[in-house]
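Working notes for the structure below.
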Amino acid sequence: MNEQWAAPWICPICGSRLAQRENGALRCEENHCFDRAKEGYWHLLPVQGMHSKVPGDSKEMVAARRAFLQAGYYDAFGKALAQLTLQQAKPSQPLHLLDAGCGEGWYDRALAETAQAQNVALELAGFDISKTAVRLAARALHSGRYAVASSFHQPVADGWADVVWNIFSPMAREEFLRVLRPGGVVLYAVPGPRHLFGMKEALYRTPYENSEQEIDYAGFEQVDRCRVEDTITVPADMLENLFAMTPYYWKTPADGAARLRQLPQLTTEICFDFLVLKKV
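Position one of the sequence shown corresponds to residue 0 (numbering that gives the first Met the number 0), numbered consecutively onward.
Rendered as structure tokens:
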């Protein structure tokens, strides 16, 4: 093949490298071909990897998350994640960032903006199982490379990534070890003890703090744990968006959801712990 490798993508069927043709389509040495959507992403999720007709978050959930994040309520998290990521950059080398479970790409855009401001060369790729989310991510950040794919069968070349993001997505340990370079890191975001505690107080009669778990992931060493906390006030017209992007949306009794929707606004703590897991 004369075409140039379309880093970081590899064929999800045979595992060989994918080259990009003039029309944007990707093709591997075994002649498996994947067209580029008009928004600029590729669908690299094989049919056998689709456990439903429309896998991943629904259009409604993606729209809710996008509206909430674009309103700036999680800006503290976006800024902290960008700085933690750029600490891994090396002089005169582009930083390879893989966003596993990228959603609609809000954190990617925060990173791209910060990297440009700090004059850090960035090569960013992201994937998500939700085509709706990936479509929005690719449309919003043309410098990113996006694909519909699964965390547990990542169409990414071995050792391509310097940093992998895992923001409330499944911990695909073996795949993360494979796609990371030696010494690369996973930045794993987990909810802190009192994340959204104010919302829990509205939803539940007996609200509870999130448990703090220390888990050993074979092949990784936890080298840091960075807590980012803030307090936000969310008006009534944005509360449904916040609610819909949380797991509580699916498991809260109807009376609790009704109490939340009756509030004129909600003030709540927010807290992320960013675990820095280094490949050893």
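Beta carbons: idealized from backbone N, C-alpha and C, even for Gly.
Distance, residue j Cα to residue i Cα
i	j	result
V222	V184	9 Å
P154	A160	12 Å
L179	K89	15 Å
H31	E173	25 Å
Q261	H194	21 Å
D56	P263	28 Å
A63	M244	6 Å
N118	L140	18 Å
P11	F175	16 Å
E21	K37	14 Å
L265	T232	5 Å
G285	I269	Not covered by the structure: residue 285. The range shown for the chain is 0 to 279.
D188	I166	The sequence given here places Ala at residue 188; Asp does not occur at that position. For A188 and I166, the distance between alpha carbons rounds to 5 Å.
V275	S150	19 Å
Q19	I9	11 Å
Residue i, DSSP secondary structure in three states
i	result
M0	Because M0 sits at a pLDDT of 42, beneath the cut-off of 50, its placement in the model cannot be relied upon, and the following sentence gives the value as read from the coordinates. It is coil, neither helix nor strand.
A148	coil
A132	helix
L238	helix
R226	strand
L140	coil
L17	strand
L68	helix
R26	strand
D98	strand
Integer Cβ distance of residue i from residue j, believed to fall under 8 Å
i	j	result
N240	F67	4 Å
P7	L110	Going by Cβ atoms, the distance from P7 to L110 rounds to 16 Å, so no, they are not a contact pair.
C27	R35	Not quite, the Cβ-Cβ distance comes to about 15 Å (not below 8 Å), so this is no contact.
F273	L80	7 Å
E103	L135	4 Å
P190	F271	7 Å
L186	L259	In fact, because the Cβ distance is near 31 Å, the residues do not count as touching under 8 Å.
Y72	Y145	Contact flag wrong, Cβ pair sits at about 24 Å.
Boundaries of the alpha helix (DSSP H) in which residue i is found, first to last residue
i	result
F273	F273 -> not in any alpha helix (DSSP H); beta strand (DSSP E) instead, spanning Q264 to K278.
V178	R172 to V178
R258	A253 to R260
L280	Residue 280 lies beyond the range of the chain shown here (0 to 279); nothing can be said about it.
Segment limits, beta strand (DSSP E) that includes residue i
i	result
D215	Per DSSP, D215 belongs to no beta strand (DSSP E) and is neither H nor E.
G125	L121 to D127
D161	A160 to I166
Within-7 Å CB hit, residue i to chain B
i	result
D74	The question asks about chain B, but that chain is absent: this structure has only one protein chain.
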